[in-house]
Structures are given as C-alpha cells and as structure tokens.
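Peer 1: Protein sequences appear in the order of chains A and B. Using our numbering, you'd call the opening residue of the first sequence number 552 and step up by one each time. Using our numbering, you'd call the opening residue of the second sequence number 34 and step up by one each time. Take a look at the following structure, please.
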Amino acid sequence: MALARVNAVIVGAGAGGGIVASQLAEAGLTVVLLERGKWYTAFDCRKDDLRNQRTSVLGCAFGPDDERHRRVVVDPDGKQRIVAPSDGAYSNTAACVGGGTFSYGAMAWRYLEKDFRLRSTYGAVAGSTLDDWPISYQDLELYYTKAEWELGVSGDDTNNIFKGPRSRPLPLPPLPPSREHLILKAAAERLKLHPFDIPMLRNTVPYKGRPACMRCRWCVGFACEVNARTGTHNTVIPRALATGNCTLRTECVAKEVLTNEQGRVTGVAYFNERGRLEEQPADLVVVAASATETPRLLLNSTSRLFPNGLGNRYDWVGRNLQGHAYAGAYGLMETDTYDDLGPGASIAICDYNHGNPGLVGGGMLCNEFIRLPIHAAMLRPPGVPAWGAVHKAFMRKLFNRCMAVHGPVQEMPVFEARLQLDPRVVDAWGIPVARLSGVRHPHDLEVANYISEKAAAWLKEAGATSTWPKLPGKGLSGGQHQAGTCRMGNDPKASVVDRYCRVHDVANLFVVDGSVHVTNGGFNPVLTIMAIAYMASDHMVQTWKGTGMRG
Amino acid sequence: MQMAVVATAAGPMVSCIGTSNPWRCLSEDEARTLEALADRIIPADQDPGALWAGAVNFIDRQLVGPYRKLQKTYRLGLTGTHETSVAMFGKRFTALTPEQRDEVLRALEKDQAPGETWKQTSAKQFFDLVVSHTMQGFYGDPRHGGNRERASWKMLRLPFPPVRGRQAYDLTKTS
C-alpha cells in the first residue's frame, strides 16, 4: 500500500542528502529522508581499534554489516569474487545517518580553480575521459562559503597562495599545533613551500550549540565522543527535522526509483526496517546514496521507457568510478615526535596540486591522522622483517618517532573503471548487487611517484633519518572518496546529470553526491559534495516555486 | 526425528567444543602449535610477547566470530605447519628449539615449506594471515581477548586511560 504523498523523497542521509533535506524542508517542501543505516550518536564511540570505519578487520562499526551486504569485484586478470563491506575491495562508505560524515577525518577542502577545468588546462589524456566540469570554482564559491558557515569549518588557509579567491574567511580558528605540526611547518618554510592549517569540519571552539574538540586519539573512523566533529547528522539533519517538514526513516533500503508512462519519477520503493516493501510517492526524487550505491539504484530502476536504468540512455551510469591515488612517504625521526594529540592531521601544502613538470594534476600533501598501535604494526618499511624480535624492537622505536606525509592524488577518469549490476548475486533483500571492474589510469601512478618523492623530501628536511614510500596499487580505485559515476555535464550523450544535478532526461530526478564529480580534485571531496548540494537545492527550490515540479 | 535435525544442524559447531578443551574453536593441539607460532612472531623480550598477551585467545575468539569463515584455513595451516616441522626436523613444532621454529616460519613465509597439506593451500598466505592476526591480538584492543593488561600499549608508552579533556596540553601555550 502506498504511503501518503510528499513533495520530495531523498535516498541517503549523508553529506549530500542531509543538506538537500534541510534546504527543501526549510523552503516549505514536505520531505521523506530514507537512510539504510541507523542513527548513531556520540555514545557509540566505542574506541574499538579493530572494528571501526578506518580499520574494519572485525567489521564496520557504522555499517554496512557483513551479513546482509555484498559486492562482486572483478580483478584485473578477470577473476571475480564476492566481497563483504569489511573487505577493502568493497569500496565501502558508512551506512548511517550522516553517512561518511559521521566517522570521517573531516578535512573540508575547496577544490582549486584548475580542478574544475583539467581538460582545458592540460589537454586530453589518452585512455581517459578527462573533461572540464560544466561549472566553475566561481559558480560554487558562495556555496562553499555557505557550507563552511552553516556547518562550521575550522582552520586557516591564508598562507595557501594556490587557493581560489574566497568571499569570507573560515568561521573557526585552527587547533593549537602538535609537535609534528611545528616540525613540519618549519621544514616546509625552509623548502620555500606554503604550509597552512588544514580546513576541518571540526569545532575548535564552541559553535552552533556543540563543543570544541578535546583532541583524543579516537578520531577518524570513530564516532566523536564529544560531538565536536561536524557532520550532517549533528547539524543540517536535526535542523531539517526541526522544521516539522522532514521525516527521517532509518534502516530503510531503497529498491528502485519508480517511474510513470510520461517518463517522470513518481517515488521510491524501499524495504522498511522490518523488511516490508513500501512505496513512497513523491513529486521529486533525490538520489544521494554515494558514488557506488547511487548508480546501483539507478541501474536497478528499469521500466519500459528506461530499459537500461534511469539516466542511462547513453551508458554513462556507473562509469568513471574514481577515488584518490593516495601517495606519500613515512619518515623515521631521531627523537620522539608522537604527542598523542588528535586529530593528527593538521598541516598541509598545495604546492604540488598543479604545475608539476610533465604531469597532469597532482595532490595536496598533509600529515597523517593520528596513528594507533595497530596501524603502526601494519607498516612494513623495507628492510625491516614483518615479524620476530627485530620487528618488535622496531615497533618500540617506530611508534613514537614515525611521521607520515601523504595526500590524495587526483585521478584520471577511466570509462572502463565501472560499476554494473551483477547478473547473479543479490543482497539480503534480493536486490542485484554492484559489480566493480576496471583498473586505474597508469598516469595516476606516475603522479603518485612524484608526489611520494616530494613527501619524502619534506620529511627529510624535517629531520627524518630514513624515509620509505607509500604508493597506491594498480587496481580499481574508489573507497571512501568514491566519485564520478553519474557525471555532471552539458552534453546529455556524454554525462548523466546537468549542472544542477538533474538527470538529463528525467525532469524531476536529481543525483546529489560524489557521483556527479567530473574529476575528484587533489583533495578529500566532502566539502565539494556539500557545496554542490547547496547549489542543487537552490535550483530545486527555485524551480519548485516557478514552473512547478508536481507531476 | 526433531532431535536428529538439531544434531545435524549443530554438527560443525560441536567439533569446536570439546568437553575438557578450554578453547572455543581450536583443538588443544592446534592451540599449542598456534601459541608456539605466535611466540616467535612477537617474542617476549624486556616486554611481554604475543604468547603472554593472549594473541591466541584473540584468534580463537574471532574464529567463532568475524573470522569464522577462516576456521578451515587455520585447521589446514596448522596441520601443514606440523608436517613441515616433522619433515624438516623430525619433531612436532612445539618440541623444536626457538631457532628451529624460526626456520620453519621462514620456510612458510617463503612458500617453500615441505608438507602434503601445502599442495592444496598456500603456506605463505597462511603465514601472512597468522602474522596479521597475531599483530591484531597483540597491538589491538584488549576487549577482543588479546593485548592482556594492555601490554603492547605500555610497551609503546601510550598513555592509558586515553587522553580525555585537555589535560595533555596547555591551551595558553602554543608550543
């Protein structure tokens, strides 16, 4: 039986969906926000270093669970296997209210001006679908500012001479520097680089009713115990609910987006928390389920008019799956540098994001998030045995003296790096699962090598007696920074959504998450997802008021 | 009739629960071999090693939990380790000297270990798995059955209880 009709149904209460929910609800639209996971709180921190979203050897603390979810991953040699969410190859993002923003590291980057026009800057790249975005940094600037002030971003990027012009400074100051920060800052200045405090979605002083960071070591991957880290779960989603116009339904798994014979979407069919199939009718549908689950849902939504799935008339849904080619270096210092202060990552440079000789793009470099003992134990510097008395003695030295500098290298989108539906495997609800295949572009590895050398040079200047590289693998990218699978563009034949995130051939269907990214910047993508969500919401509200979107 | 169905359904679990065996999944022989392996992967020195810290208790516990799909891998691997030990030194693994045990470990690590079992499963993959799990049981959170008395965290001079509030630094200073 169908539920009462609403104006908008949003699939996914993460970075994008949370913001759209608040913007539509505040504009007076009735909204149903569907989330497949639960609503966790600060009390769910647990401090379990083997079961969280960063280290999931014993499972993902904030979902999805290994029992009901699976994917098929095709290795470069064609071998396929079924993987669970706790396996790295699954390309997991958390399943909970807030999505990734509930347990992330919370770096809040604006992409640089050139990141939106890589094709014009560097030209075509063989084997890549590299293209410019249909929007520019200037188009997004006000929305970046809005996200920074509505949610609360701390940091200080005045020393970042590479950033695009900003209309307002960041609302919150950076945290006091850690020992590592001071050492790296001085070294970067000696190298004539431009170090600055990383912008973070984290309260450093009380802001909008939540307290400041207490600098514990249980940061990225965990729930913030004091609710100082900022996500959509503790900002815009509560505000959406407070309007009285938004209903949040947790543990609801979307099955398909429903369409009518006029080629418009009419709502979403989903399994509720008891596993019962429900239909939620709506005037417009926003899919914001992540760059892997969004294309899966669109491909699962087939009908007479859309036999290949929604938005997939030209076979672009699920294509160009990308993340970041993380590259950097570890350095062993002469004295103890570890001071047990979270969040760890604090200082960055953008000197190598662009203008690297002979290379397309690059990436930001920063120090790593706080390292727990289990992370140190998994480090395998060359020449040090992986076990035995020597490894143990090395651990005693390494843990307090090791610094890491790394960064997300911007990837070249590849058409064959893709998500499809698996023809056989289904999840616990009987819905066909995602099938991931393809490999990253070889140029990513060239850039990664270059960035890794720069990281090593920074560490050596900081006093490292030895360094060793951290380099990405050759296989398919994705992971928590997953993006690109429903590309935004002006050409309906070579993209999935238009510049306002509206699916080209469906007037009342929107995609608002990392899927729409044409390229993924040399940065953590969340603030860009949020800015685009504000931009798309503005457009939805305006269209709603003007021409009307009712079916 | 109903009883028979229950007994069949519980079959695989029964093999994990011996009457006098204190372990959840491993047999006593398997547990002794695994303890001897863990003891060489993280040996005791001025600080306790994986054996004292209960890394095998950790693994045994996970084998009836998140690692239950690895039960067979462990059974085969521990049998293979025994075979390699007998082939190389004519004795069971637990009867070897520490130096001899290390030689067996190196043979496993290089995937050059003698033994019938290694024809059907990879010695190196098994060894890497045991190393990872021993590290988790030694350096991971004590709540999962390893890292007894936070032995590894004390070794790494990691303050406990974890930093709460701002007592670890003074906000009025910047360095």
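The beta carbon of each residue, even a glycine, is placed where N, CA and C say it ideally should be.
Less than 8 Å between the beta carbons of G955 (chain A) and G1030 (chain A), yes or no?
Peer 2: A small correction: the amino acid at residue 955 (chain A) is Ala; Gly does not occupy that position in the sequence shown. Not closer than 8 Å, so no.
Peer 1: Looking at K598 (chain A): is its Cβ nearer than 8 Å to the Cβ of C647 (chain A)?
Peer 2: The answer is no: Cβ separation not under 8 Å.
Peer 1: What residues in the stretch 68-94 of chain B have a beta carbon less than 7 Å from any beta carbon of chain A?
Peer 2: Those residues of the stretch 68-94 of chain B that come within reach of chain A (Cβ to Cβ, closer than 7 Å) are R73, I74, I75, P76 and D78.
Peer 1: Does any residue of chain A bring its CB to less than 8 Å from the CB of L141 (chain B)?
Peer 2: No, its Cβ sits nowhere closer than 8 Å to a Cβ of chain A.
Peer 1: I want to verify the contact list: residues of chain A whose CB lies under 8 Å from the CB of V164 (chain B), in sequence order.
Peer 2: Residues of chain A passing the Cβ test: A937 and W938.
Peer 1: Name the one or two DSSP bridge partners that K1021 (chain A) has.
Peer 2: Partner(s): A:G879.
Peer 1: Quick one: list the residues of chain B neighbouring N710 (chain A), beta-carbon separation under 7 Å, in chain order.
Peer 2: What N710 (chain A) touches in chain B: nothing, since even the nearest Cβ is about 16 Å away.
Peer 1: Along chain B, which residues have their Cβ under 8 Å away from the Cβ of N951 (chain A)?
Peer 2: Near N951 (chain A) (Cβ distances below 8 Å), the residues of chain B are L189 and R190.
Peer 1: Are the CB atoms of T127 (chain B) and R65 (chain B) nearer to each other than 8 Å?
Peer 2: Going by C-beta atoms, T127 (chain B) is nearer than 8 Å to R65 (chain B).
Peer 1: Does the beta carbon of S155 (chain B) sit closer than 8 Å to a beta carbon anywhere in chain A?
Peer 2: Answer no: the Cβ-Cβ gap between S155 (chain B) and chain A never drops below 8 Å.
Peer 1: Output the distance between the C-alpha atoms of T207 (chain B) and G1073 (chain A), rounded to the nearest integer angstrom.
Peer 2: Interpretation of T207 (chain B) is limited by its pLDDT of 46, a score under 50 that renders its predicted location unreliable; the figure taken from the coordinates is listed afterwards. Computed Cα separation, rounded: 30 Å.
Peer 1: If we ignore side chains and look at the alpha-carbon of each, how far apart do R719 (chain A) and F747 (chain A) end up?
Peer 2: Answer to the nearest angstrom: the Cα atoms are 17 Å apart.
Peer 1: By the three-class DSSP mapping on this structure, what secondary structure does Q133 (chain B) have?
Peer 2: DSSP places Q133 (chain B) in helix when its eight states are reduced to three.
Peer 1: Using 8 Å as the limit for Cβ to Cβ distance, is M929 (chain A) near chain B?
Peer 2: Chain B contact via Cβ: present.
Peer 1: Please list, in chain order, all residues of the same chain as M1086 (chain A) whose beta carbon is under 6 Å from its beta carbon, the five residues on each side excluded.
Peer 2: Result list for M1086 (chain A): Y694, in chain order.
Peer 1: G569 (chain A): buried (16+ other C-beta within 10 angstroms of its C-beta) or exposed?
Peer 2: Buried, by the Cβ-count rule.
Peer 1: Of all the residues that make up the stretch 875-903 of chain A, which are near chain B by a beta-carbon distance shorter than 7 Å?
Peer 2: Residues passing the 7 Å Cβ filter: D891 and L892.
Peer 1: Please list the terminal residues of the continuous beta strand (DSSP E) segment that includes R947 (chain A).
Peer 2: Note, R947 (chain A): premise wrong, no beta strand (DSSP E); alpha helix (DSSP H) at A940 to R952.
Peer 1: Since M121 (chain B) meets chain A, which of its residues come closer than 9 Å, beta carbon to beta carbon?
Peer 2: Within chain A, no residue comes near M121 (chain B); the closest Cβ sits about 18 Å away, beyond 9 Å.
Peer 1: Quick one, which residues of the stretch 908-927 of chain A are near chain B if we go by CB-CB under 7 Å, in chain order?
Peer 2: Per Cβ criterion, the list reads P924 and I925.
Peer 1: What does Y758 (chain A) pair with, by DSSP beta-bridge criteria?
Peer 2: Partner(s): A:R761.
Peer 1: With distances taken between CB atoms, is the gap from M1039 (chain A) to H992 (chain A) smaller than 8 Å?
Peer 2: No; because the gap between Cβ atoms is not below 8 Å, this pair is not in contact.
Peer 1: Using 10 angstroms around the beta-carbon of T130 (chain B), count the other beta-carbons present and answer buried if the total reaches 16, otherwise exposed.
Peer 2: Exposed: under 16 other Cβ atoms inside 10 Å.
Peer 1: In the DSSP output, which residue or residues are listed as bridge partners for S705 (chain A)?
Peer 2: Paired residue(s): A:L723 and A:M751.
Peer 1: Just list the beta strand (DSSP E) runs in the stretch 1004-1082 of chain A, keeping only unbroken ones of 3 residues or longer that don't cross its boundaries, in chain order.
Peer 2: Runs of the beta strand (DSSP E) inside the stretch 1004-1082 of chain A: 1017-1021 and 1060-1062.
Peer 1: Assign G639 (chain A) to one of three DSSP states: helix, strand, or coil.
Peer 2: If DSSP states are grouped into helix, strand and coil, G639 (chain A) belongs with the helices.
Peer 1: Residues bridged to C647 (chain A) by DSSP?
Peer 2: Its beta-bridge partners are A:K589.
Peer 1: Take A675 (chain A) and list the residues in its own chain whose beta-carbon comes closer than 8 Å to its own, dropping the five residues that flank it on each side.
Peer 2: L681, listed in sequence order.
Peer 1: Let's see if you can read the secondary structure: which residues bound the beta strand (DSSP E) around T817 (chain A)?
Peer 2: That run of the beta strand (DSSP E) goes V816 to F822.
Peer 1: With H, G and I counted as helix, E and B as strand and the rest as coil, what does DSSP make of K598 (chain A)?
Peer 2: Of the three classes helix, strand and coil, the one that applies to K598 (chain A) here is coil, per DSSP.
Peer 1: Using the beta-carbon count (16 or more within 10 Å), is E885 (chain A) buried or exposed?
Peer 2: Classification of E885 (chain A): exposed, given that the 10 Å Cβ count is below 16.
Peer 1: Go ahead and pull the three-state DSSP assignment for R668 (chain A).
Peer 2: The answer is coil: DSSP assigns R668 (chain A) none of H, G, I, E or B.
Peer 1: If you reduce the DSSP assignment to three classes, tell me which class G567 (chain A) lands in.
Peer 2: G567 (chain A): helix per DSSP, three-state reduction.
Peer 1: Can you name the residues of chain A whose CB is closer than 7 Å to the CB of Y172 (chain B)?
Peer 2: Result: P924, I925 and A928.
Peer 1: Which residues in chain B sit within 9 Å of K736 (chain A), going by Cβ to Cβ distance?
Peer 2: Going along chain B, no residue has its Cβ under 9 Å from K736 (chain A), so there is no contact; the nearest lies around 11 Å.
Peer 1: Determine whether the Cβ of G610 (chain A) lies closer than 8 Å to any Cβ atom of chain B.
Peer 2: Yes, because at least one Cβ of chain B sits closer than 8 Å to the Cβ of G610 (chain A).
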